[in-house]
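What follows is a short report on a single structure.
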Amino acid sequence: MLKTRTLDAAQHRFGFALTVPALIAFLLLIFVPFARSLWLAFNEYLLTSAEPRFVGLANFVRLFADPGFRESWRVTGIFVICTTSITTLFGTTYALLLNEPMRGRTIIRAASLLPWVLPSTVTALLWSWLYNGQYGVVNAVLLWTGLIHQPIFFLSDSVGAMIAVISAKAWLSTPVVMLFVLAALQSLPQEQVEAARIDGANDFHVIRYVVLPHIRKTLGVMIILQAMGNLQMFDIIYAMTSGGPVRATTVFSIEVYRRAFENWDLGMASAIGVIWFLTIAVIAIPYLRSMFTETHGS
Amino acid sequence: MITTRLSRRDLLTLGAAAGAAHLGASGKVFATGQDDMVYVGWSHTEAGSKAYLEQVFDRFRAENKASKLETIGVPFAQVQTTLLLRKRSNQRTDVAQLQERWLSSFVAAGGMSDVDEIFGSQFVDKTYHPTALAMTKINGKRYALPWVAGSTGLVGNAKVMEEAGVKEAPRTIDAFVDALRKVKKAKPSSSPMGFSTKNPGLTQFESQLFFWTFGGSFFDASGGIVVDSEPNKQALTLLADLVKDGLILPGNDRFDLRRLFAQEQVAFYPDPPLARAFARAQSGQGTAYDKNVLPVAMPVLKAGNEAVSLQWGHLLGMLDYGGAMAAADGPSGRFVKMLSKPEVQIEYYKATGAFPSALAAIEALRDDAYLTGWLELSRTARPDELVSFANATELSTVIGEEVAAAMLGQKTPQDALTSMSDRLKAIGPRKS
Amino acid sequence: MNPLVLASRRPVAVIARALALLFLVSFLFFPVYWMMVTALKPNQQIFVQFPEFIPTHPVLDNFKRAISQSNLPTYLVNSMITAGGSSLLTTTLAALAAYGFAKYRFSGRFATMNIMIGAQMFPFAVILISLYPMMQSAGLLDTLTGLTIAYVVFALPPAIYILFSFYSRLPNELIEAARIDGASEIAILRRIVLPLSKPALISVAVYSFTWAWNDLLYSLTLVTSDNLRTIGPGLLLTFFGEMQQDWGGAMAAAILASLPAVIIFAFLQRFFVAGLTSGAVKS
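Residue numbers (this note's numbering), protein chains in the order written: chain H, 1 to 298; chain V, 1001 to 1432; chain U, 2001 to 2283.
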């Protein structure tokens, strides 16, 4: 922070003025629409209604009576937990492996970011093809190795479709986790690793007692960011399964999209949005708290 | 370090370029004048009918130099959402291609003109075939003109049948299942019966062929929900068994089935007469493939029963979205009339297999075997059970999802019907 | 040079590491390889149960079809315009605001900023429900301008946070020295702060670009005209719809659709990686 006495009121006004454009954009594009959607959750607003009609908690009552909604809660949970843990595990392992000196390491590191750069519809298209029931390479390999005798129609099987969307999203995000963990490993103190080795530590001990504590904060932030991102996931799932087969991959975002823009039940869609927001908020609080501490502490 | 050389001036240039591109790329620069019109549909994006319809649009443009025709192509599955988004966003839309079973939703949403008022009921009655016109009325008012008429029954692939030793189209359900088994034996990778399990709307639509064959239905005459019945259970059990035995491969949409049909991986699947156009396009053999595309009656439960079939058609709705004004002699009126001309409909039929709706065109095609074959099967066609409901889309999704759940083995047929019944009651069917 | 973490020379450990690396490398690269192989195969070699892993007769037909049978070039241009425009807009707004928050004192700045950063947890689809009618009344529906503006929703909150972290660590002495020399606040921002923050700005620009570039939800809803569609819905509606079973064409289109972002990223990745990892995560 600049010393206050060197700044006069005009300069503070300049500082404030700098934030005004972003503030206006924030209010118009994010805050007001969000607040309005929260309010819509207490209204009935259908394709045939001219105006929203206040109905209190009726949407929520209907929602909690609907087994389909409880199902989408569960589906969202499975998707977020599986995807986040697989991505974290793969990304961290990959970073540790690529941290070792080897020929072509720089190229591999750079090229590994490719999945993350591809448009997500491309990712969805690609993984639908890999998992294709009749001509997909996954089936070909499984049949070849004798693990299965009949091809599996992944995208029309409730478990198979979930596996398909989880692997597509994990594929897309593993590089990012790798990147951040690799960055965190740059500052791993040489002396601590060597000291541990002198004490007779093997690789697992080094990872467990030196590396993990060192990258703990990075991992924590990555996990929360991943979880928040996965809770918002729409494009890959919509493109691969549209939430099917039979709602087996209908996560909150798909549910809200369908209710809002296919069935035109905006009140119900918003009510789901409220519950969805609360779920994200619970996960986001520790992350935001660390951000807020930083904004105050600097 | 390429980027460090990016100066502020470069960024400004970039910004200006992006700004200019925005101005030039607004969706509203086109088709806003009185003499212009916007048409939204899906057939002109599809392989079977694209070439012919583009040609018709060009002809319209040539004959109506003063009007600008903007055609917007949307994939079938996105048409309803797109049209309703356009309505909500006040985007001009004059004429829309509609599936007959969507009509009540659109009427409920508002913005559909009464075509009798625009064209005069005398003209409408005189021009179109009564069966085709039957699809256009909601609560006694005519909200659309029929464009393509017909019915959905089964389409059979003569070549696949022959190779499997199936001599003639099976008449009963038992014979039908036998035929499917023969096909599966001859072609283990095939899906002898094609069925759309991926798209709930089509799953619901196609499943009616089976429910009706067993004497079941979703609703009774007064609109009550009668899903949970013995005939329905038998029908759904059959569908689930066909999947279990590999006679229906799951996970397909109508598009997949059409391609699989042309690749000779499907012996029978539900489709309207347009099927022939897709077989031509996707077999790569053009009209030479016509001999393999057979209209097949839906098999019956007991010999002597009447084969069921589904009323089906494409309609043309006259809309007032975004201030569009329909008039019989305005551009939208002329456009619709052009598509209704007997000679255009006959050409369209020859190019794609789309059945005409105009009386004169049907009359002129009396000698065509494919057409007469279909017409014979269409005699018993019934409308989709959902046509009269304002929230048909929502209901159709629920029915389709539960049917697919049973077919994919996620639920027993009984559980699926129970849950379908509960969910339909929770939504509440609304007549428009 | 990083310290060696995996140092064991025991054969078991060496083999385990090699296998793990092989698995992860295949997981990340095989799908891309398969996309290219499929795109180069003629149809009769694509639709087989046991496909060839190396195409024996590579052909370019799929690429020709992907270009001629779809509006791919239009979709790509639209995506570049909207993603590029929104990236420029987001970065500009975020940079000004983050600098203001980090280097000036005015009342309510922490509260304001915390709310803005906290907006990262607002579900995009929920914002969209109400953004939609607002865009409609502003006449911005079905325009690339509207879509560009809407994309600010995705990246503005994290962009402010990343740049705030960056500016907080910019030494105050630099600014003070300029101020003593009599430089105006605007001159300080233009001549000192912005040039110094180039890597951070680039990383934020790339970050917001990828958000918009990947979007499906907003573009599917806010744009309905085919000539205005971006790459996400363009690919979805063309190759998951009518051409569903044309996997060769779809893979060729996927490759073409990926090229622009891959090229941009190849040039900018060094800044991006450095900027993002240092900005978002302090380790």
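Glycine residues also receive a C-beta, built at the ideal position from the N, C-alpha and C atoms.
Quick one: measure Cβ to Cβ for residue i and residue j, integer angstroms, because I've assumed they're closer than 8 angstroms.
i, j, result
"Thr1380 (chain V)", "Val1293 (chain V)", "About 21 angstroms; that fails the 8 angstroms criterion."
"Lys1141 (chain V)", "Ala1109 (chain V)", "Incorrect: roughly 15 angstroms between the Cβ atoms, too far for contact."
"Gln226 (chain H)", "Thr121 (chain H)", "Not confirmed; about 20 angstroms, so no contact."
"Tyr1349 (chain V)", "Pro1356 (chain V)", "6 angstroms"
"Val138 (chain H)", "Tyr131 (chain H)", "5 angstroms"
Where do the ends of the alpha helix (DSSP H) carrying residue i lie?
i, result
"Ile2081 (chain U)", "Leu2072 to Lys2103"
"Ile236 (chain H)", "Asp235 to Thr241"
"Ile148 (chain H)", "First-last for Ile148 (chain H): undefined, no H or E at that position."
"Val1415 (chain V)", "Per the sequence shown, residue 1415 (chain V) should be read as Asp rather than Val. First-last of the alpha helix (DSSP H) with Asp1415 (chain V): Pro1413 to Ile1427."
"Val2032 (chain U)", "Pro2011 to Leu2040"
"Phe1076 (chain V)", "From DSSP, Phe1076 (chain V) is part of no alpha helix (DSSP H); its letter is neither H nor E."
"Val2126 (chain U)", "Phe2124 to Ser2137"
Just the C-alpha distance for residue i and residue j, rounded to the nearest angstrom, thanks.
i, j, result
"Ala1031 (chain V)", "Lys1068 (chain V)", "Unreliable placement is indicated for Ala1031 (chain V), whose pLDDT of 45 sits below 50; no coordinate value is reported for it."
"Leu18 (chain H)", "Ala9 (chain H)", "14 angstroms"
"Ala1025 (chain V)", "Asp1035 (chain V)", "Only weak support is given to the placement of Ala1025 (chain V): the predicted model assigns it a pLDDT of 40, under 50, and the question is left unresolved by the model."
"Val117 (chain H)", "Val2206 (chain U)", "10 angstroms"
"Thr250 (chain H)", "Leu231 (chain H)", "12 angstroms"
"Val193 (chain H)", "Thr218 (chain H)", "19 angstroms"
"Lys2198 (chain U)", "Pro189 (chain H)", "29 angstroms"
"Arg1254 (chain V)", "Gly1201 (chain V)", "11 angstroms"
"Leu1377 (chain V)", "Glu1306 (chain V)", "10 angstroms"
"Thr1172 (chain V)", "Gln1414 (chain V)", "24 angstroms"
"Ser2068 (chain U)", "Trp1042 (chain V)", "19 angstroms"
"Pro2073 (chain U)", "Arg1276 (chain V)", "31 angstroms"
"Gly1027 (chain V)", "Ala2257 (chain U)", "The predicted position of Gly1027 (chain V) is uncertain, since its pLDDT is 39 and thus under 50; a value taken from the coordinates is nonetheless stated next. Cα to Cα, Gly1027 (chain V) sits roughly 23 angstroms from Ala2257 (chain U)."
"Thr1393 (chain V)", "Ser2168 (chain U)", "54 angstroms"
"Phe1261 (chain V)", "Ala1324 (chain V)", "41 angstroms"
"Ser1222 (chain V)", "Gln1311 (chain V)", "20 angstroms"
"Gly1317 (chain V)", "Leu143 (chain H)", "51 angstroms"
"Val282 (chain H)", "Ser167 (chain H)", "25 angstroms"
"His1022 (chain V)", "Thr2143 (chain U)", "With a pLDDT of 42 at His1022 (chain V), under the threshold of 50, the modelled position of this residue cannot be trusted; read the value that follows with caution. In a straight line, the C-alpha of His1022 (chain V) is about 8 angstroms away from that of Thr2143 (chain U)."
"Ala1436 (chain V)", "Ala1179 (chain V)", "Residue 1436 (chain V) falls outside the range modelled here, since chain V spans only 1001 to 1432, and no answer is possible."
"Phe1205 (chain V)", "Ala124 (chain H)", "28 angstroms"
"Ala2020 (chain U)", "Ser1190 (chain V)", "38 angstroms"
"Ala1358 (chain V)", "Met2134 (chain U)", "44 angstroms"
"Ala1164 (chain V)", "Leu2235 (chain U)", "38 angstroms"
"Ile2186 (chain U)", "Met2116 (chain U)", "24 angstroms"
"Arg1092 (chain V)", "His214 (chain H)", "60 angstroms"
"Asp1174 (chain V)", "Leu1242 (chain V)", "12 angstroms"
"Pro2055 (chain U)", "Thr2038 (chain U)", "8 angstroms"
"Leu2285 (chain U)", "Arg2190 (chain U)", "With chain U represented from 2001 up to 2283, any question about residue 2285 (chain U) goes unanswered, as that position is not in the structure."
"Leu1197 (chain V)", "Arg103 (chain H)", "Going by the sequence as given, residue 1197 (chain V) is Thr instead of Leu. Straight-line Cα distance between these residues: approximately 50 angstroms."
Quick check on the DSSP output: the beta strand (DSSP E) that includes residue i runs from which residue to which?
i, result
"Gly1041 (chain V)", "Met1037 to Gly1041"
"Met1318 (chain V)", "Ser1309 to Tyr1321"
"Glu1063 (chain V)", "Element bounds for Glu1063 (chain V): not the beta strand (DSSP E) but the alpha helix (DSSP H), Lys1050 to Glu1063."
"Gln134 (chain H)", "Here Gln134 (chain H) belongs to no beta strand (DSSP E), and DSSP marks it neither H nor E."
"Ser1151 (chain V)", "Ala1144 to Asn1157"
"Asp1094 (chain V)", "Thr1093 to Gln1099"
Please identify, using Cβ separations under 8 angstroms, the residues of the segment 5-29 of chain H that lie next to chain U, in order along the chain. Within the segment 5-29 of chain H, the residues whose Cβ lies closer than 8 angstroms to some Cβ of chain U are Thr6, Leu7, Gln11, His12, Arg13, Phe14, Gly15, Phe16, Ala17, Leu18, Thr19, Pro21, Ala22, Leu23, Ala25, Phe26, Leu28 and Leu29, listed in chain order.
Any 3 or more C-beta pairs closer than 8 angstroms across the segment 1251-1269 of chain V and the segment 1155-1170 of chain V: Taking one beta carbon from each stretch, the segment 1251-1269 of chain V and the segment 1155-1170 of chain V have 3 or more pairs nearer than 8 angstroms; the two touch.
Which residues, taken in chain order from the segment 2096-2113 of chain U, show a beta carbon closer than 8 angstroms to some beta carbon of chain H? Within the segment 2096-2113 of chain U, the qualifying residues are Leu2096, Ala2097, Tyr2099, Gly2100, Phe2101, Ala2102, Lys2103, Tyr2104, Arg2105, Phe2106, Arg2109, Phe2110, Thr2112 and Met2113.
When Cβ atoms are compared, which residues of the segment 1069-1092 of chain V fall closer than 8 angstroms to chain U? Of all residues in the segment 1069-1092 of chain V, the ones placed with a Cβ closer than 8 angstroms to any Cβ belonging to chain U are Ile1072, Gly1073, Val1074, Pro1075, Phe1076, Ala1077, Gln1078, Thr1082, Leu1085, Arg1086, Arg1088, Ser1089, Asn1090 and Gln1091, in chain order.
Of the residues that make up the segment 2030-2043 of chain U, which ones have a beta carbon closer than 8 angstroms to any beta carbon in chain H? Listed in sequence order: Pro2031, Val2032, Trp2034, Met2035 and Thr2038.
Closer than 7 angstroms, Cβ to Cβ, to anything on chain U: give me those residues from the segment 217-249 of chain H, in chain order. Listed by position, the residues of the segment 217-249 of chain H near chain U (Cβ gap below 7 angstroms) are Lys217, Thr218, Val221, Met228, Gln232, Phe234, Asp235, Tyr238 and Ala239.
Compile a chain-ordered list of the residues in the segment 2195-2213 of chain U whose CB is closer than 8 angstroms to at least one CB of chain V. Per Cβ criterion, the list reads Lys2198 and Ile2202.
Could you please tell me which residues of the segment 2114-2147 of chain U, in chain order, have their CB closer than 7 angstroms to any CB of chain V? Taking 7 angstroms as the Cβ-Cβ cut-off against chain V, the residues of the segment 2114-2147 of chain U that qualify are Gln2136, Leu2141, Asp2142, Thr2143, Leu2144 and Thr2145.
Closer than 8 angstroms is the cut-off here; do at least three beta carbon pairs connect the segment 2107-2114 of chain U with the segment 227-247 of chain H? Verdict: no, contact absent.
Three or more beta-carbon pairs under 8 angstroms between the segment 262-273 of chain H and the segment 24-43 of chain H, yes or no? A contact exists between the segment 262-273 of chain H and the segment 24-43 of chain H.
Stretch pair the segment 147-159 of chain H + the segment 47-67 of chain H: three plus CB contacts closer than 8 angstroms: No, because fewer than three Cβ pairs between the segment 147-159 of chain H and the segment 47-67 of chain H fall closer than 8 angstroms, the two stretches do not touch.
Contact residues within the segment 1270-1291 of chain V, judged by C-beta distance below 8 angstroms to chain H: Residues of the segment 1270-1291 of chain V with a C-beta less than 8 angstroms from any C-beta of chain H: none at all.
Flag this pair as touching only if the segment 2058-2065 of chain U and the segment 2246-2256 of chain U have three or more C-beta atom pairs under 8 angstroms; answer yes or no. Segments in contact, yes.
With 9 angstroms as the C-beta to C-beta threshold (strictly closer), list the residues of the segment 1187-1202 of chain V near chain U in chain order. If the cut-off is 9 angstroms between Cβ atoms, the segment 1187-1202 of chain V has Ser1189 near chain U.
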